[in-house]
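> Pasting a structure here, questions to come.
Residue numbers (full-length UniProt numbering): 1 to 308.
Below is the structure:
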């Protein structure tokens with residue numbers, strides 16, 4: 001399953017919100033979402049509107065990134081086919097308050113606020129109050145209630161988060177990037193010996209593949225709610241990465257040559273963090289990610305930018 005979830009900060013994308021202030025454009029997006037890619041003439045026919053009106057409004061949606069167009073061969077020449085670029089649109093006001101330490105800019109990302117996902121069963125999500133949606137159904141990862149998730153798990157695939165690059169707002173030069181989260185492998189039940197290769201990528205660059213040693217169930221996690229059965233995953237290891245000008249370190253050990261220069265932070269308004277288990281992993285033992293209300297740390301996924 002592959003899904004594109006677009007997260008929009010209204011203060012950053014007023015142009016996008018203005019593009020939605022039109023019944024015609026909203027109907028175009030709704031049509032493409034429900035019925036898939038169509039050319040301009042097909043959209044005009046479906047909506048009962050002139051082709052010129054549809055073309056003008058599609059161009060507005062293309063300009064703000066809500067639609068992509070591709071040329072395909074037709075009976076006579078070529079035709080322009082329109083595709084929706086997202087399966088879900090989420091409007092979020094991002095936290096623009098830097099950490100009190102003037103040398104650090106920190107953002108804590110709620111576990112369920114991923115912007116892309118591609119997961120395989122067994123899989124699921126939980127909040128501190130109960131299971132979200134249906135267990136072992138990948139489509140549940142699109143359930144709006146995922147925003148409340150404190151624990152998620154899957155066998156293979158990934159979740160991807162889009163962090164704001166607050167260094168650009170602060171006009172600060174970045175001297176280091178840190179990433180921290182609580183992780184374990186995933187097995188039906190639990191196992192003290194169940195390795196899994198978990199790969200982390202930033203802005204499309206793989207910084208590390210870490211082998212999680214176990215799916216812990218020997219005791220209840222310090223913050224794991226009482227309703228969650230003891231036979232289920234209870235807590236993980238707190239993994240910490242630091243990307244510097246000299247490469248990437250995990251818990252102070254150098255693990256890759258990927259450096260700050262490779263991430264090109266100065267070119268991006270956001271920082272994309274992808275966490276997952278690859279199809280060709282040597283130890284494809286699944287993944288648990290623990291967030292607020294679960295595990296031993298009750299932390300969201302934390303990204304820190306260290307000022308130079």
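Ideal placement from N, C-alpha and C gives every residue a C-beta, glycine not left out.
Identify whether residue 53 lies in helix, strand or coil by the three-state DSSP scheme.
For residue 53, the secondary structure class from DSSP, reduced to helix, strand or coil, is helix.
> In the DSSP assignment, find the unbroken alpha helix (DSSP H) run with residue 18 in it and report its ends.
14 to 19
> So for residue 99, helix, strand or coil by DSSP?
Because the pLDDT at residue 99 is just 48, under 50, the model does not fix this residue reliably, and the point stays unresolved.
> Output the residue ranges of the beta strand (DSSP E) runs that lie fully inside the stretch 157 to 204 and measure 3 residues or longer, sorted by chain position.
157 to 164, 174 to 184, 196 to 202
> By Cβ distance, which residues of its chain are closer than 6 Å to residue 296, with the 5 residues on each side in sequence left out?
221, 222, 235
> When you compare each of 130, 163, 67, 118 to residue 105 by their alpha carbons, which one comes out closest?
Scanning 130, 163, 67, 118 for the CA closest to the CA of residue 105 turns up 163.
> Mapping the DSSP letters down to three states, classify residue 62 as helix, strand or coil.
In this structure, residue 62 counts as helix in the three-state DSSP scheme.
> Does the ligand ATP have even one heavy atom less than 6 Å from the beta-carbon of residue 32?
In the structure on display, the ligand ATP does not appear, and there are no ligands present to speak of.
> Under the DSSP definition of a beta bridge, which residues are partnered with residue 248?
243, 256
> Along the beta strand (DSSP E) that carries residue 128, what are the first and last residues, could you check?
Looking at the DSSP string, residue 128 is not in any beta strand (DSSP E), and its letter there is neither H nor E.
> Measure from the alpha carbon of residue 249 to the alpha carbon of each residue in 61, 290, 180, 81, then state which is nearest.
180
> Measuring CA to CA, which of 200, 215, 216 is closest to residue 209?
200
> Alpha carbon to alpha carbon, how far is residue 12 from residue 141?
26 Å
> I'd like the list of long-range same chain contacts for residue 174, defined as Cβ closer than 6 Å, with 5 residues on each side in sequence excluded.
167, 265, 305
> Look at the alpha carbon of residue 238 and the alpha carbon of residue 5, and state the distance between them as a whole number of angstroms.
27 Å
> Sorted by chain position, which residues of the same chain lie with C-beta nearer than 7 Å to residue 99's C-beta, five sequence neighbours on each side aside?
Low confidence applies here, because residue 99 scores a pLDDT of 48, under 50, leaving its location unreliable; read the following figure in that light. So the list reads 105, 106, once near-sequence residues are dropped.
> Hey, could you find the ends of the alpha helix (DSSP H) residue 79 is sitting in?
It is not in any alpha helix (DSSP H) - residue 79 instead sits in the beta strand (DSSP E) that spans 78 to 84.
> Which residues in the same chain as residue 268 place their Cβ atom closer than 7 Å to its Cβ, once the five residues preceding and following it in sequence are excluded?
Contacts found: 165, 203.
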